[in-house]
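Shown next, in structure tokens, is the structure this report addresses.
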Amino acid sequence: MAPNRSPLLPALARAALMVLAAAPAAPALAQSDSVVVTAPRGAGTVTGFGDQPIATSPFQVDTRTQEQMRDEGIRRISDVARVDASVGQGYNAVGYWDLISVRGFVLDNRFNYRREGLPISAETTIALDNKARLEVLKGINGFQAGVGSPGGLVNVAVKRPLAGTLSEAFVGWQSNGSVLGSVDLSRRFGAQQAAGLRLNAAAEHLDPPANKASGNRWLLALAGDWRPAADTLLEAELEVAHRSQPSVPGFSVLGSRVPPPGNPWINLNDQPWTQASVFDSTAGTLRWRQSLADSWQFTALAGTQQL
Numbered sequence: 005m006a007p008n009r010s011p012l013l014p015a016l017a018r019a020a021l022m023v024l025a026a027a028p029a030a031p032a033l034a035q036s037d038s039v040v041v042t043a044p045r046g047a048g049t050v051t052g053f054g055d056q057p058i059a060t061s062p063f064q065v066d067t068r069t070q071e072q073m074r075d076e077g078i079r080r081i082s083d084v085a086r087v088d089a090s091v092g093q094g095y096n097a098v099g100y101w102d103l104i105s106v107r108g109f110v111l112d113n114r115f116n117y118r119r120e121g122l123p124i125s126a127e128t129t130i131a132l133d134n135k136a137r138l139e140v141l142k143g144i145n146g147f148q149a150g151v152g153s154p155g156g157l158v159n160v161a162v163k164r165p166l167a168g169t170l171s172e173a174f175v176g177w178q179s180n181g182s183v184l185g186s187v188d189l190s191r192r193f194g195a196q197q198a199a200g201l202r203l204n205a206a207a208e209h210l211d212p213p214a215n216k217a218s219g220n221r222w223l224l225a226l227a228g229d230w231r232p233a234a235d236t237l238l239e240a241e242l243e244v245a246h247r248s249q250p251s252v253p254g255f256s257v258l259g260s261r262v263p264p265p266g267n268p269w270i271n272l273n274d275q276p277w278t279q280a281s282v283f284d285s286t287a288g289t290l291r292w293r294q295s296l297a298d299s300w301q302f303t304a305l306a307g308t309q310q311l
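If you read the sequence shown in this note's numbering, its first letter stands for residue 5, the second for the next number, and so on.
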């Protein structure tokens, strides 16, 4: 008995062959073709190392701009410990100056802090309202410090006049009741906008969780620059800061037991004769930049600090 063959199958097979024959063949990729991916190198630099990019620096640097500090709620140097795992808090009692550790080493407030790359004493409160960058250099601080804690360095860079106009006001509030208000103004003047000024002012009411430890602080800073010639730039800046707040000692560990959580209503410094801790500071710098031939630049920088 002859098998039953359907005439539809040969017709479908012939149609499929015709479609394959009509489809154009994809051109083969030549062996010499290559794909090149390029990306710009990061433009961030480290204070004290000229135009050396951070990516090629011989140490690790954690740099935070003013925008990042505002977004992360960083109002004092010790707040960096909340956003950087390699930075820890030291004895950061209320009403006291900041103490931090980098990679387990507590930084020395006399030798491990810089302002515009120049040594300063951090045995005072350092306001960040007029700072453009907060840099934490981690490890082998002998590149810039010599004597000091091996953990690293902390450097703050001051805001300078901008190329354009800036008018900014900021109001901040923290859940414990601290209220901050600040203004940031930048203007340029003269022929060809050769001179510039930048004013920063801030005032804050401090109300920490600790009982009877309210205080206040304020900052007034002015920075200016002048370009008398195309290859000459003169810069000057000055800041005056004040902070007044009662200090609150921390609870000590007794024996080998883990202490219970501290009671914020217990203030060991709440005595009738207790006075507030007052920190007054004045700091400023003068800088002269002179462009030379063949991409060379001469820079002279002088600074002062009074506590």
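Note that beta-carbon positions come from the ideal geometry of N, C-alpha and C, so glycine has one too. Fair warning: this is a prediction, and the values are worked out from it, not measured in the lab.
Inset, instruction - Within the region 215–279, note down every full alpha helix (DSSP H) run reaching 4 residues or more, in order along the chain. - result: none
Legend entry - Residues near residue 82 by beta carbon distance below 6 Å, same chain, minus five either side: 93, 96, 102, 104
Inset, instruction - Below 7 Å CB to CB, which residues in the same chain sit around residue 181 once its five sequence neighbours on both sides are set aside? - result: 211
Inset, instruction - Express the C-alpha separation of residue 238 and residue 131 in angstroms, rounding to a whole number. - result: 24 Å
Legend entry - Exposure label - residue 77; buried when at least 16 CB within 10 Å: By the neighbour-count rule (16 or more Cβ atoms within 10 Å), residue 77 is not buried but exposed.
Inset, instruction - State the DSSP-derived secondary structure class of residue 39, mapped to helix, strand or coil. - result: Coil, per DSSP.
Legend entry - Rounded straight-line distance, which links the Cα of residue 166 to that of residue 273: 45 Å
Inset, instruction - Please report how far the alpha carbon of residue 84 lies from the alpha carbon of residue 126, in whole angstroms. - result: 16 Å
Inset, instruction - Give the single residue among 199, 297, 303, 245 whose Cα lies nearest to the Cα of residue 286. - result: 245
Inset, instruction - From the DSSP output, in three-state form, read off residue 323 for me. - result: Nothing can be reported for residue 323: it is not among the residues displayed for the chain, which extend from 5 to 311.
Legend entry - CB of residue 98 within 8 Å of CB of residue 249, strictly: yes
Inset, instruction - Return the chain-ordered list of same chain residues with a C-beta closer than 6 Å to the C-beta of residue 283, the five sequence neighbours on each side being excluded. - result: 128, 129, 247
Inset, instruction - Please list, in chain order, all residues of the same chain as residue 174 whose beta carbon is under 6 Å from its beta carbon, the five residues on each side excluded. - result: Setting aside the 5 residues that flank it on each side, residue 174 is surrounded in the same chain by 186, each with a C-beta closer than 6 Å to its C-beta; the list follows chain order.
Legend entry - CA nearest to the CA of residue 224, picked from 207, 307, 289: With respect to the C-alpha of residue 224, the residue from 207, 307, 289 having the closest C-alpha is 207.
Legend entry - the region 219–236 contacting the region 292–300, beta-carbon criterion three pairs below 8 Å: yes
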